[in-house]
């Protein structure tokens with residue numbers, strides 16, 4: 194805990210750069226805590242991004258990183274198969290939905306007391322009857 198208190202009490206740092214040859218004098222630069230934290234965070238982010246791209250470009254990332262973000266041909270094949278199955282099921286669901294709607298209207302046409310229990314809009318039912326009448330009329334002529 195004493196280290197944390199010490200760091201909190203520090204407001205600024207002085208960095209002294211001393212050259213190898215003694216002919217030139219030492220340079221002093223005053224740096225605040227916020228500047229040091231900014232430099233450390235920026236440096237860490239840049240090195241992380243650079244390292245990630247270096248590992249992925251070199252191919253070593255497949256062996257070092259825990260999960261590869263690339264899909265291989267086996268996974269692509271499985272994804273395509275699942276996509277086809279989902280499309281097939283969506284089409285089947287649409288067919289069932291339209292068949293169910295047709296059956297509701299057929300029941301409503303057969304028994305007028307069912308119109309209220311099936312909650313079918315009377316205007317929609319009239320439009321469907323008119324369309325069916327036109328279809329029947331066109332079949333005969």
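Numbering (the numbering used here), first residue to last: 194 to 334.
C-beta: ideal position from N, C-alpha, C; glycine also.
Computed from a prediction, not measured in an experiment: that's the story for all the values here.
According to the DSSP assignment, residue 221 belongs to the beta strand (DSSP E) that extends over 220 to 225. About 29 Å separates the beta carbons of residue 198 and residue 210, which is beyond the 8 Å limit, so they are not a contact pair. For residue 248 against residue 257, the beta-carbon gap comes to about 6 Å, under 8 Å, which counts as contact. Here residue 321 is near residue 298, since their CB atoms are less than 7 Å apart.
Between residue 251 and residue 244, the alpha-carbon positions lie close to 10 Å from each other.
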